[in-house]
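So the structure is just underneath, and the comments pick up after that.
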Amino acid sequence: MDAAILIEGLVKRYGDLAAVDGLDLDVQRGECFGLLGPNGAGKTTTVEILEGLNDPTSGRVEVLGRTWSQHPEELRARIGVALQETKLFDRLTVEETLRVFSTFYDGRTVPVETLLAEMQLEEKRGTWVSRLSGGQRQRLAVALGLVGDPEVLFLDEPTTGLDPQSRRALWDTIAALRERGKTVVLTTHYMDEAERLCDRIAIVDHGRRIALGSPAQLIDRIGGAHLVEITTDPPLPPEALADVRGVRAVRAVGDGLSLAIDEPHVALPALMARLAERRAEPTRLVSRTATLDDVFLTLTGRSLRED
Amino acid sequence: MRSLWALSAVRLKLFFREPGSMFWTFGFPLLVTVALGVAFRNQGQAKAPVAIIAGPGAAEVSAALADQRGVAARVVDAAEAARELRTGEAVLAIESAGPAAPIVFRYDPTRPEALATRRLADDLMQAHAGRRDVLVARDQTQVSRGGRYVDWLVPGLLGLQLLNGAMWGAAFNIVNARQRKLLKRLAATPMRRGDYLLSYRVSGLVFVPLQVLVLFAFARLTFGVVIQGSSLAVLGLAFLGSWAFAGLGLLCASRAQNSETANGLINLVTLPMMVFSGVFFSSSRFPGALQPVIRILPLSAFNEALRHVVNDGASIFSQGFPLAVLAAWTLVTSVLAVRLFRWT
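Residue numbers (this note's numbering), protein chains in the order written: chain A, 1485 to 1791; chain B, 194 to 537.
Put into structure tokens, the structure is as follows:
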């Protein structure tokens, strides 16, 4: 597979503030790539530089083997964009909006009827944009990104502000695009979204990449796919449980311990045996699947949601 | 080209789907025409209000001024006369202490009609007292076509309307689109960027003739305002004016990031022209030193040329100076605006 996007040493400064601070990334053709990070991590700045809407302070950026400084027209024709919360022409209908955008592309375009069907907007074709729900508006934004049959589609926080049902509907749409072999780059601060949609994820914080890999690989980095959170009476130090069979890592969290484990059916009996040995009573015990939030917490000591 | 037509059609659709913009563009100038046309209509022979202060000679003065053209006199007490002079309800107060005493005229010399009324009252009283005029004179009056206030006002209103259209219609709209990131979204497509800006000019080819037609048809039906010169010249001037104003509007809109900034910039440009460019009153009232500056304002140039065509029946080709001023504004502002324009 060749790279759809290549970023080397990307820096974007606003005065003293570095919004992007030396970012390296590559996105392969046909993959769905996620930029995950808290608000202000530099995700939108990075994507806008990739979309040719913002200029980097330094670093190399190639999209489809081209640079924005040399082939701006060609690149604009070959990419598709859905910005974070774009407002469109309020009093234009869905269909009119799609038709106007179609006139911007000289080459092949996806027929408006196809887009309306794919984005489930057929019933809303005659509705003014101002009268669409949040989810419908986002589906229209994605449809507008697809008008020029792009090779790479950029989606900046596509589901932010949507209700759970609309989010799931949009996820299905994006998953279908990936199935069809489109290269998709999306930014999000929802870990469930990134886990569900992305082949690979770069976690960014303060304009730097702090982790890169598939969702499974990233979760694996914290030691195991499952987490057991336990509070005991009397409290135990992390070392007391570190060598329990099946436990890969132990961290103190609040007044309890967080254990990363691979196989709960092996680790849990061994853990209970150890607690009995140490005469410690579990006052709270929770077992759950590890998420990217745990990865972020492990890497930064902060939660993604703290913003 | 396809995108230029599509974007121009968008402009028209958005305009006609917005009742507010319809009213401000077409309805409001008509209301102003009616309001000012009625307020400043020519009221046949105007009669100057005169207050005669009650006293020994009041009856004699009253007899001299009764049923005379040009004055409407009433006898009131001294306090009331002073009040009426102050408020302008009377332009002249006359006090007579009796046949032997001198007559006193009270008036404010800065009121334009006060001195004329004083002379008229003096003449009438002298004649009433027995003065015989030496020269024989006869009056011949005519009200000239196109010479009323409303005839003079309507061309200025068209100028103001076109200026407001370019500012509040187009420029404000562009800043709004930038603030809402619509410009950014468009800039992320292969759309030829000039097409977006040109679509405002193309839609003007529909709006400008409509504005001219609606205003002049209305002014003709209600006040009998007639275009003395060529209607084609009026239309041509309207286009040229709209381009000069559009350039100015685009310049205001080229960088402003939000509607508050745009609001300030637009007021900064339009308010001085509303005062200095002779929309509601003639700019000749300003001192001579200011005139060269006033004449090169785009709205002044437009109003000057349009009034010559509409009121005096002048040929558009005789209006070289204002046409050159408008062309210069169009060129300079458009080039500057396109250079400064930001999509994000």
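Don't be surprised by glycine CBs; every beta carbon is placed ideally from N, CA and C.
Notebook entry, point to check: Going by the CB atoms, is the gap between B/Val-418 and B/Val-347 shorter than 9 Å?
Noted result: yes
Notebook entry, point to check: In terms of residue numbering, what span does the beta strand (DSSP E) encompassing B/Val-269 cover?
Noted result: 264-269
Margin query: When you compare the CB positions of A/Thr-1611 and A/Val-1578, do they come within less than 9 Å of one another, or not?
Written below: yes
Check: Measuring CA to CA, which of B/Phe-411, B/Gly-422 and B/Ser-435 is closest to B/Ser-508?
Finding: B/Gly-422
Notebook entry, point to check: Using the rule of at least 16 other Cβ atoms within 10 Å of the residue's Cβ for burial, across every protein chain shown, is B/Met-360 buried or exposed?
Noted result: Buried, by the Cβ-count rule.
Note to self: Please classify B/Leu-483 as buried or exposed, where buried requires at least 16 neighbouring CB atoms within 10 angstroms.
What the structure shows: exposed
Item checked: Beta-bridge partners of B/Ala-309, as assigned by DSSP -> In DSSP, B/Ala-309 forms no bridge with anything.
Next item on the list: For B/Glu-211, go through chain A and note every residue whose CB falls closer than 8 Å to its CB, in chain order.
Entry: The contacting residues are Arg-1575.
Checklist line | Whole-angstrom C-beta distance between B/Leu-197 and B/Ser-452, which should lie under 8 Å | finding: Here B/Ser-452 is actually not in contact with B/Leu-197; their C-beta atoms are around 26 Å apart, not less than 8 Å.
Notebook entry, point to check: Under the rule that 16 or more other beta-carbon atoms within 10 Å means buried, what is A/Asp-1656, buried or exposed?
Noted result: Exposed.
Check: With 16 other CB atoms within 10 Å as the buried threshold, where does A/Arg-1544 fall?
Finding: Its Cβ having fewer than 16 others within 10 Å, A/Arg-1544 is exposed.
Checklist line | Where B/Leu-375 meets chain A, residues with beta-carbon distance less than 9 Å | finding: Thr-1570, Lys-1571, Leu-1572 and Phe-1573
Notebook entry, point to check: Does the beta carbon of B/Ser-423 sit closer than 9 Å to a beta carbon anywhere in chain A?
Noted result: no
Next item on the list: Just grab the DSSP bridge partners of B/Pro-242 for me.
Entry: B/Ala-265
Next item on the list: Go ahead and pull the three-state DSSP assignment for A/Asp-1791.
Entry: In this prediction, A/Asp-1791 has a pLDDT of 44, which is less than 50 and means its spatial position is unreliable; nothing more can be read from the coordinates.
Notebook entry, point to check: By the criterion of Cβ-Cβ separation under 7 Å, what are the contact partners of B/Pro-384 in chain A?
Noted result: The question names Pro, but residue 384 of chain B in the sequence shown is Met. Near B/Met-384 (Cβ distances below 7 Å), the residues of chain A are Phe-1588.
Margin query: Between A/Glu-1535 and chain B, is the shortest Cβ-Cβ distance under 9 Å, so that the two count as touching?
Written below: Yes - at least one Cβ of chain B is within 9 Å of the one on A/Glu-1535.
Checklist line | Cα-Cα separation between A/Asp-1727 and A/Ser-1771, rounded to whole angstroms | finding: 18 Å
Check: Tell me which same chain residues have a C-beta within less than 6 Å of the C-beta of B/Phe-411, skipping the five on either side of it?
Finding: Leu-223
Item checked: Beta-carbon gap between A/Thr-1541 and A/Val-1495 smaller than 9 Å -> yes
Notebook entry, point to check: Just how far apart, CA to CA, sit A/Gln-1604 and A/Gln-1622?
Noted result: C-alpha separation (whole angstroms): 11 Å.
Checklist line | Per-residue burial, B/His-501 [other beta carbons within 10 Å of its own, 16 or more giving buried] | finding: buried
Check: Can you give the Cα-Cα distance for B/Gly-340 and B/Ala-431, rounded to whole angstroms?
Finding: 22 Å
Next item on the list: Assign A/Met-1675 to one of two classes, buried (16 or more other C-beta atoms within 10 Å of its C-beta) or exposed (fewer than that).
Entry: buried
Checklist line | Interface residues of chain A facing B/Thr-537 [CB-CB closer than 9 Å] | finding: Glu-1532, Leu-1537 and Asn-1538
Next item on the list: Please name the residue or residues paired with A/Leu-1766 in a DSSP beta bridge.
Entry: For clarity, residue 1766 of chain A is Pro in the given sequence; the question names Leu instead. In the DSSP output, where bridge partners are listed per residue, A/Pro-1766 has A/Thr-1716.
Note to self: Please confirm whether A/Arg-1793 has its beta-carbon closer than 9 Å to some beta-carbon of chain B.
What the structure shows: Absent from the structure is residue 1793 of chain A, since the part of chain A shown begins at 1485 and ends at 1791.
Check: Listed from N- to C-terminal order along the chain, which residues in the stretch 201-230 of chain B have their beta-carbon within a distance smaller than 9 Å of any beta-carbon of chain A?
Finding: Ala-202, Val-203, Lys-206, Leu-207, Arg-210 and Glu-211
Item checked: Cβ separation of B/Ser-447 and B/Phe-365, assumed to be a contact under 8 Å, to the nearest whole Å -> Going by Cβ atoms, the distance from B/Ser-447 to B/Phe-365 rounds to 13 Å, so no, they are not a contact pair.
Note to self: Taking the straight line between their C-alpha atoms, what separation do you get for A/Glu-1607 and A/Phe-1585?
What the structure shows: 20 Å
Notebook entry, point to check: In the stretch 1679-1748 of chain A, which residue ranges form an unbroken alpha helix (DSSP H) of at least 4 residues, counting only runs that do not cross its ends?
Noted result: 1699-1705 and 1723-1726
Check: So who's on the other strand from B/Ser-447, going by DSSP bridges?
Finding: B/Ser-447 pairs with nothing; no bridge assigned.
Next item on the list: Say whether the stretch 365-377 of chain B touches the stretch 1567-1575 of chain A, bearing in mind that this needs 3 or more beta-carbon pairs closer than 8 Å, one atom from each stretch.
Entry: yes
Check: In whole angstroms, what is the alpha-carbon distance linking A/Ala-1627 and B/Phe-514?
Finding: 53 Å
Checklist line | N-terminal and C-terminal residue of the alpha helix (DSSP H) that B/Ser-196 is part of | finding: 195-209
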